[in-house]
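K.L.:
As structure tokens, this is what we get:
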């Protein structure tokens, strides 16, 4: 996103929030204010040798922040966009604490098609966007991946995968592996009524094993495993 586009976006959010009193825009501004104060996305109490999953690594800023705060942790970064994978490899290729995977995890082994719109890449918008570059992404069954690599406990995971969170969370709940995640930071993406219902269903399922520690709907929310 260019500087001009960022300015336009911020002006639009301010207009929606303070002139139109749009609920979503007001919530977004509340998130920005509170996140600056509490640093929700990075401030976690983690053990020394924490295992962290970054679903949707993008350019690696979140991973870099976590490594700065938890220098002895290991971060497993999942990114399906080749351009961003290359950036991640340049940035962390020599860092043994970072494992980079050029695929995503989901409900099964499959190939998904999606478009790139800077931070917004989505498998759910192909019918609306015809002139964007289409990319094919490899998705692996989350259960099979965790079994293969023997992941028994993940101290923290971040999910910002443009709609892929629905399939991934569903699979983890289905096989009972959701309880292996101590903290789950999620950005759900709103694609209309089906996603609203799906999010509600997943939140009900998450509540059986985790507690919500903060919730800014469609922005970020966090779930901490019950002790």
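Residue numbers (my numbering): -18 to 208. Where is the CB? At the ideal position from N, CA and C, for every residue including glycine. These numbers were taken from a predicted model, which means no experiment stands behind them.
1) Would you please state the rounded distance, in angstroms, between the beta carbons of residue 201 and residue 21? I believe it to be under 8 Å.
2) Residue 176 to residue 204, Cα distance in whole Å?
3) Alpha carbon to alpha carbon, how far is residue 39 from residue 81? Give it in angstroms, no decimals.
4) Taking residue 59 and residue 95 to be in contact with their CB atoms under 8 Å, please state how far apart those CB atoms are, rounded to whole angstroms.
5) In its own chain, which residues sit with a C-beta less than 7 Å from the C-beta of residue 148, not counting the 5 before and 5 after it?
6) I'd like to confirm the pairing. Which residues does DSSP put opposite residue 55 in its beta bridges?
7) Residues in the same chain with beta-carbon distance under 6 Å from residue 91, minus the five sequence neighbours each way, listed in chain order, please.
8) Under the DSSP definition of a beta bridge, which residues are partnered with residue 191?
9) Is the segment 140 to 156 touching the segment 30 to 50 in the sense that three or more CB pairs, one from each, lie closer than 8 Å?
10) Taking the DSSP output, what are the residues bridged to residue 47?
11) Can you look up residue 201 in the DSSP assignment and give me helix, strand or coil?
12) Where does residue 129 sit, in a helix, a strand or coil, going by DSSP?
13) Using only the alpha-carbon positions, how far apart do residue 41 and residue 185 sit?
14) Considering only the beta carbon of each residue, do residue 242 and residue 174 sit closer than 7 Å?
P.N.:
In this structure, then:
1) On the chain shown, position 220 is the one that residue 201 refers to. On the chain shown, position 40 is the one that residue 21 refers to. Yes, they are in contact, since the Cβ atoms of residue 201 and residue 21 sit about 7 Å apart, within 8 Å.
2) Taking the first residue of the chain shown as position 1, residue 176 is located at position 195. Taking the first residue of the chain shown as position 1, residue 204 is located at position 223. Approximately 19 Å between the Cα atoms of the pair.
3) The residue you call residue 81 lines up with position 100 of the chain shown. The residue you call residue 39 lines up with position 58 of the chain shown. Roughly 11 Å between the two C-alpha positions.
4) Against the chain shown, residue 59 aligns to sequence position 78. Against the chain shown, residue 95 aligns to sequence position 114. Going by Cβ atoms, the distance from residue 59 to residue 95 rounds to 14 Å, so no, they are not a contact pair.
5) If you number the chain shown from 1, residue 148 lands on position 167. Taken in chain order, the residues that qualify are 87, 88.
6) Locating residue 55 in the chain shown gives position 74, counting from the first residue. Answer is 32, bridged to residue 55.
7) Working through the chain shown from its first residue, we reach residue 91 at position 110. Cβ within range, chain order: 120.
8) Counting from 1 along the chain shown, the entry for residue 191 is found at position 210. BP columns for residue 191 point to 206.
9) As far as the Cβ criterion goes, the segment 30 to 50 touches the segment 140 to 156, which means the pair count is three or higher.
10) Taking the first residue of the chain shown as position 1, residue 47 is located at position 66. Per DSSP, none; premise fails for residue 47.
11) Residue mapping note: residue 201 aligns to position 220 of the chain shown, counting from 1. Of the three classes helix, strand and coil, the one that applies to residue 201 here is strand, per DSSP.
12) Walking along the chain shown from the start, residue 129 turns up at place 148. Residue 129: helix per DSSP, three-state reduction.
13) Numbered from 1 along the chain shown, position 60 holds the residue referred to as residue 41. Numbered from 1 along the chain shown, position 204 holds the residue referred to as residue 185. Using only the alpha carbons, I get a separation of about 31 Å.
14) With the chain running from -18 to 208 in the structure shown, residue 242 is simply not present.
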